[in-house]
Amino acid sequence: MLNKNQIAQRLAKELKDGFYVNLGIGIPTLVANYIPEGIKVVLQSENGLLGMGAFPFEGEEDPDLINAGKQTITSVPGSSFFDSAMSFGMIRAGKVDLTILGAMEVSEKGDIANWKIPGKMVKGMGGAMDLVASAKNIIVAMMHSNPKGESKLLPRCVLPLTGIGCVKKIVTELAVLDVTKEGFKLLERAPGVSVEEIVAKTAGKLIIEGEIPEMEW
Amino acid sequence: MLNKNQIAQRLAKELKDGFYVNLGIGIPTLVANYIPEGIKVVLQSENGLLGMGAFPFEGEEDPDLINAGKQTITSVPGSSFFDSAMSFGMIRAGKVDLTILGAMEVSEKGDIANWKIPGKMVKGMGGAMDLVASAKNIIVAMMHSNPKGESKLLPRCVLPLTGIGCVKKIVTELAVLDVTKEGFKLLERAPGVSVEEIVAKTAGKLIIEGEIPEMEW
Amino acid sequence: MNKIFKNAAEALNDIHDGAIIMLGGFGLCGIPENCIAAMVLKGTKELTCIANNAGIDDFGIGLLLQKRQVKKMISSYVGENAEFERQLLSGELEVELIPQGTLATRCMAAGYGMPAIFTPAGVGTEVAIGKEIRTFNNKEYLLEYAFDADFAFVKAWKGDTEGNLIYKETARNFNPLMAMAGKITIAEVEELVSAGELDANQIHTPGIYVHRIFKGINYEKRIEQRTVRARLPNP
Amino acid sequence: MNKIFKNAAEALNDIHDGAIIMLGGFGLCGIPENCIAAMVLKGTKELTCIANNAGIDDFGIGLLLQKRQVKKMISSYVGENAEFERQLLSGELEVELIPQGTLATRCMAAGYGMPAIFTPAGVGTEVAIGKEIRTFNNKEYLLEYAFDADFAFVKAWKGDTEGNLIYKETARNFNPLMAMAGKITIAEVEELVSAGELDANQIHTPGIYVHRIFKGINYEKRIEQRTVRARLPNP
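Residue numbers (my numbering), protein chains in the order written: chain S, 1 to 217; chain F, 1001 to 1217; chain Y, 2001 to 2235; chain C, 3001 to 3235.
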């Protein structure tokens, strides 16, 4: 079973040289710490920055320079700033190669729910609906089950949707799965995790073909 | 009867302090030479400039700085450059206070034709259709008759239209006219020009109420 | 033509109860601090605020919420503050949540004279309820309308007497879009210079979009999430 | 990730007969001179060119027309050259004339992932024939579709190794819009610098939109209408 940093590390294997990548809040943000050597990716922050860098050194925080999570950040050489319309314009136009974000539920059709729990205070969808509706390549990073122990990989989402038919791949603490027309296809299992455990914790349709290898990174 | 510079001079009386103005090719361009004292207007050039200045001094031409007529120009202090989408965006949004352009024909409904003569080589509408469809205040500067001596103020346009119901006012070498719901309303006549001559040379419906004063500027 | 105002109070003088106001900024970054403070003093009520966020309890739009000056918020992400939540749950405050890109593009549409735009954001979700859906190239899009705002309050880094604006880094965000969209746009700037001092080639918001401009004071620029990394010790 | 190419010939290597190409520029101002010259040498045929103008007889897109490489022009204003007229009248060349603002906005729509936009330009004219008309707030608009171009050739003043671009004065025009719209965007620049040398706050086209970049040579920057005023004699 992977911890959050290991999930991020496995996600980082999905990066390709030259990719423009949007990383959501939470586990996805950690992916930036594991970019493979020899590969260059440019991080997009949807509040108006291409070329997001690390957190600033203490004392060098710039209130005019934050990421979409409202955290103080830095920018790398070769970065550019732009307004929110252009930012979502490049997202809508499919210029961002990969979007990694968290989810509360994913359905076997690739639907995603990650913005609203009925009965709880609703904070809003922010840029999530734009991202999932537009990005050509969306990977979800999440725990396989919710805090109550219920599977988050479902036949269909129970929570209000953020977007439909958009998730291409899922990385959890237990497994890597593709979302195919037929359902969740198990690709890899976490070290020490059995196929049986993944089957038991996946509520949506799970496709298992042949031997399922352990993850590597 | 006015010459072209006098038409421009009369047009300049329509300018108000703080106006953003788009001047078409030909007579409208000359208006820039007669901006009344104490009034400040900002000239928009639809190829991407607010704050168009005079022609450059000889030897100071800059090939990267031209107007919509492809002439070398200068920019004034406080000007700004932008792309063509923003340029027509501000035009469409009604941010340009006044547009003055030439015409081949204007109808008593305010339709305008100024881009195409069937049977002749067609060069294109450029930005004219955008301007006439969007500007809130459009004044046409033209000769009252065409070279064949036929009136250019018609019941309806014969030539292919550039835009419909958009012209608010017309200044010719003979007269100043408003385009009203009822037709062309004669406001002023050029010095020495009789109402009868204007009547004779106006094919569309002409409204004459009371004494018609001579133009002043 | 004089666009220069002495301060926020003067620039906001004619804003009426019930006005629809856009406020630039993302979180607390690039928000029109002076305009908000002046609105609190002025006490204008029943406002509809279009802004990506609603500030925090004691800063940003949160200050207007504290004084119950806001009738409705149109935002993409809210609720970083308890007073907001209280008013929402008690029914005092209306909230319309819309996707962030839709919010941005509806501002741009207003500034570009486009009555409506198409976006895929929200298709298949509750955001699509009651909206027109149209398919282009086998993909569904929602028809979303341009905003219609009485006033826009924007914050820029530098501005000149013609109303030209330059923003700094990610403090740009919604500011140039709202500047284009407001029927009356009021810009507050950290530095106000004479016409010609800014590089004409590097203007983010051309002055034609800006009706009033003033030099703001006492910028606090509060940081919402201070995140830093440790300096490595000197070897 | 390497976006840098040695020259135009290398950057244009894979352009095929029948390609749809956007070319930046207004008149002869801000045109991709090096790309056009390389296309002439390469001899690629049956091109559809989307460009505001068609150049003059012996410069700009006129050079491609001379070699009969163009099947169709989509422009707002053409015919500053005799060869163009000859080909048009003889039926060798197709021309689609569209309003300049529509041309610009259809490029922007492509770059912003909007499948279509609404514009009032052309309502009531022959431009509206066969197009969908829709009324918003008592005003009629045409539905116009985003362009779909295989390649965009743009010319910038300065560029960096990340593909970030800055244009100069009115040479900006359609260049940033076409840069966003091309499936593959090729930028030629007068000055090519390392990442970090351009001010990140002042980039006109972010590098994400630019796939290939090279330093252009021998810019002629021909002036179409040289207009000057006389210097007053020294007193």
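C-beta atoms are modelled at their ideal positions from N, C-alpha and C, and glycine is treated no differently.
Notebook entry, point to check: Going straight from the alpha carbon of residue 1168(F) to that of residue 1190(F), what length do you get?
Noted result: 19 Å
Check: How many angstroms separate the CA atom of residue 48(S) from the CA atom of residue 3089(C)?
Finding: 49 Å
Next item on the list: Taking residue 2062(Y) as part of the alpha helix (DSSP H), name the residues at either end of that continuous run.
Entry: 2062-2066
Notebook entry, point to check: Over what stretch of residues does the beta strand (DSSP E) that includes residue 77(S) continue unbroken?
Noted result: 75-81
Next item on the list: List the residues of chain C that residue 95(S) touches, going by C-beta distances under 8 Å, in chain order.
Entry: 3208 and 3209
Notebook entry, point to check: Hey, would you say residue 78(S) sits closer than 8 Å to residue 3196(C), going by beta carbons?
Noted result: yes
Check: If you drop the 5 nearest sequence neighbours on each side, which residues of the same chain put their C-beta closer than 6 Å to that of residue 1127(F)?
Finding: 1046
Next item on the list: Just the C-alpha distance for residue 2030(Y) and residue 2099(Y), rounded to the nearest angstrom, thanks.
Entry: 20 Å
Notebook entry, point to check: Does DSSP put residue 167(S) in a helix, a strand or coil?
Noted result: coil
Notebook entry, point to check: Which class does residue 2048(Y) belong to by DSSP, given the choice of helix, strand or coil?
Noted result: strand
Notebook entry, point to check: Does the Cβ of residue 3241(C) have 16 or more other Cβ atoms within 10 Å, making it buried, or fewer, making it exposed?
Noted result: Outside the displayed span of chain C (3001 to 3235) sits residue 3241(C), for which this structure offers no information.
Check: Which residue comes first and which comes last in the beta strand (DSSP E) that contains residue 2214(Y)?
Finding: 2212-2215
Margin query: Using only the alpha-carbon positions, how far apart do residue 1206(F) and residue 1186(F) sit?
Written below: 7 Å
Next item on the list: Can you give me, in chain order, the residues of the stretch 2159-2175 of chain Y that have a beta carbon less than 9 Å from any beta carbon in chain C?
Entry: 2166, 2167, 2168, 2169 and 2172
Checklist line | chain S contacts made by the stretch 2056-2073 of chain Y, where a contact means CB separation under 9 Å | finding: none
Check: My guess is that residue 3047(C) and residue 3078(C) are in contact by the Cβ rule of under 8 Å, so how many angstroms apart are they, rounded?
Finding: Actually they are not in contact, since the Cβ atoms of residue 3047(C) and residue 3078(C) sit about 15 Å apart, beyond 8 Å.
Notebook entry, point to check: Which partner residues of residue 2141(Y) appear in the DSSP bridge assignment?
Noted result: 2134(Y)
Margin query: Using CA atoms only, rank isn't needed, just tell me which of 1156(F), 1147(F), 1060(F) and 1179(F) is closest to residue 3223(C).
Written below: 1060(F)
Check: Residue ranges of each alpha helix (DSSP H) run of no fewer than 4 residues wholly in the stretch 32-86 of chain S, ordered along the chain?
Finding: none
Checklist line | Positions along the stretch 2102-2125 of chain Y whose CB lies within less than 9 Å of some CB in chain F | finding: 2108, 2110, 2111, 2112, 2113 and 2114
Check: Just to confirm, are residue 129(S) and residue 102(S) a CB contact at a threshold of 8 Å?
Finding: no
Note to self: Is there a Cβ of chain Y sitting closer than 8 Å to that of residue 3137(C), yes or no?
What the structure shows: yes
Checklist line | Element boundaries [beta strand (DSSP E), containing residue 2020(Y)] | finding: 2020-2023
Note to self: I'd like the ranges of any beta strand (DSSP E) spanning at least 3 consecutive residues and lying wholly in the stretch 102-172 of chain S.
What the structure shows: 105-107, 138-141 and 169-171
Next item on the list: Tell me whether residue 3230(C) is buried or exposed, calling it buried when 16 or more other Cβ atoms sit within 10 Å of its Cβ.
Entry: exposed
Check: How about residue 124(S) and residue 2076(Y): do their beta carbons lie closer than 8 Å?
Finding: yes
Margin query: With a threshold of 8 Å between beta-carbons, can residue 3218(C) be considered close to chain S, or not?
Written below: no
Next item on the list: Would you kindly work out how many angstroms separate the C-alpha atoms of residue 41(S) and residue 2001(Y), rounded to a whole number?
Entry: 49 Å
Next item on the list: Express the C-alpha separation of residue 3132(C) and residue 76(S) in angstroms, rounding to a whole number.
Entry: 46 Å
Notebook entry, point to check: Rounded to whole angstroms, how far is the Cβ of residue 2109(Y) from the Cβ of residue 2117(Y), which I believe are closer than 8 Å?
Noted result: 5 Å
Checklist line | Helix, strand or coil at residue 3111(C) [DSSP, three-state] | finding: helix
Margin query: Here's the rule: buried if 16 or more other CB atoms are within 10 angstroms of the residue's CB, otherwise exposed. What is residue 1117(F)?
Written below: exposed
Check: Using the rule of at least 16 other Cβ atoms within 10 Å of the residue's Cβ for burial, across every protein chain shown, is residue 3006(C) buried or exposed?
Finding: exposed
Next item on the list: Would you mind working out which of 148(S), 139(S), 204(S) and 174(S) sits nearest residue 29(S), comparing C-alpha positions?
Entry: 139(S)
Check: What separation, rounded to the nearest whole angstrom, lies between the Cα atoms of residue 3144(C) and residue 2009(Y)?
Finding: 44 Å
Note to self: By DSSP's criteria, residue 3105(C) is part of a beta bridge. Which residues make up the other side?
What the structure shows: In DSSP, residue 3105(C) forms no bridge with anything.
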